[in-house]
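Numbering (our numbering), first residue to last: 79 to 315. Structure first, then comments.
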Amino acid sequence: MTEVNEKMNEILNQKFGVEVEMYNISRSKAAQIVATTLTELTGVSWNYSLPGMHLDERRIYPVSDPTRHNVWKIESDSSIQARNAWERTELVSPVLTWEQMPLLQQIIRNLRAAGARSDPAHQCGVHVHVDGTGHTARSLLNLTNIMASHEQLLIGSIGIAPARMRWCQTVDQNFLLAVNARAPQSLRELEEVWYAAQTGHAYNVGHYDQTRYHMFYGKKAIMYPTFQTLIVQRQKL
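Here it is as structure tokens:
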């Protein structure tokens, strides 16, 4: 039972962030809804900035925090298919914990009630970034094997559109075979296996080596991109 409790505590303390792509709602309206929801649920007044030059970004921040570190963002995403350019809307959360899940859920519900929609037909999806801090070579190997053994079930249950598999690729089989054969004991060893499986050669630290932008080694995060109707029906939230 102690081991179960420890695992549960790990989940509850896990930091994550989300990006939700949507259409049928303007970025201005979405920013207003997010600010209003945060004000109602946190007891603190939130405001949002005028659109910036970068991605027409609106930053939603607590008025009491002039540094604006704890910000939600509403920004443009050109990949979204919408009737108008100003309805290509993406919600980007700050770093969250499980305790803040009800807050995220209510923001999504309020955006949906205001008309926001998200589905593969409009090139919309959800990205979940999980904090990679504290992971070891062993935990990442376990995570790889867990994903590899269950991902077909996840793909079927979530209903990922075949066209979206370009962004939602399954675990690379070359890497899966190589990493289990070597069973790396350090992150450096795991890193070597990853890049060798992807490129056929060891990791190159050169500036223009595209593999240097890999999510975990570059940003210490683990990313789960999923594509499914998130906002259309209540049971899919």
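Where is the CB? At the ideal position from N, CA and C, for every residue including glycine. Given the structure is predicted, the values throughout are model-derived calculations rather than measurements.
Taking a cut-off of 8 Å on C-beta distances, the stretch 192-200 does not touch the stretch 146-157, as fewer than three cross pairs fall below it. When secondary structure is reduced to three states using DSSP, residue 100 falls in the strand class. Between residue 93 and residue 197, the CB-CB gap reaches or exceeds 8 Å.
Look at the stretch 176-256 and you find these whole runs of alpha helix (DSSP H), each 4 residues long or longer: 179-191 and 215-236. Residue pairing by DSSP leaves residue 173 without any beta bridge partner. The Cβ atoms of residue 249 and residue 225 lie closer than 8 Å to each other.
Within the stretch 85-171, the complete alpha helix (DSSP H) segments at least 4 residues long are 105-120, listed from N- to C-terminus. In this structure, the alpha-carbon of residue 189 lies about 7 Å from that of residue 108. Of all alpha-carbon atoms in 148, 161 and 199, the one lying nearest the alpha-carbon of residue 175 is that of 148. By the Cβ criterion, the stretch 96-116 is in contact with the stretch 159-168, since at least three pairs of Cβ atoms, one from each stretch, lie closer than 8 Å. Rounded to whole angstroms, residue 199 and residue 238 show a C-alpha spacing of 11 Å.
Of all C-beta pairs linking the stretch 137-146 to the stretch 107-125, three or more are shorter than 8 Å, placing the two stretches in contact. Residue 261 places its beta carbon less than 8 Å from that of residue 219. Its chain contains 126, 127, 146, 149 and 151 as the residues whose beta carbon lies nearer than 7 Å to that of residue 137, once the 5 sequence neighbours on both sides are disregarded; these appear in chain order. Non-local C-beta neighbours of residue 271 in its own chain, meaning closer than 8 Å and more than five positions away in sequence, comprise 253, 256, 257, 260 and 262, ordered along the chain.
For a cut-off of 8 Å, the C-beta gap from residue 95 to residue 171 is around 5 Å, short enough to register as a contact.
Residue 182 has its alpha-carbon roughly 11 Å from the corresponding atom of residue 119.
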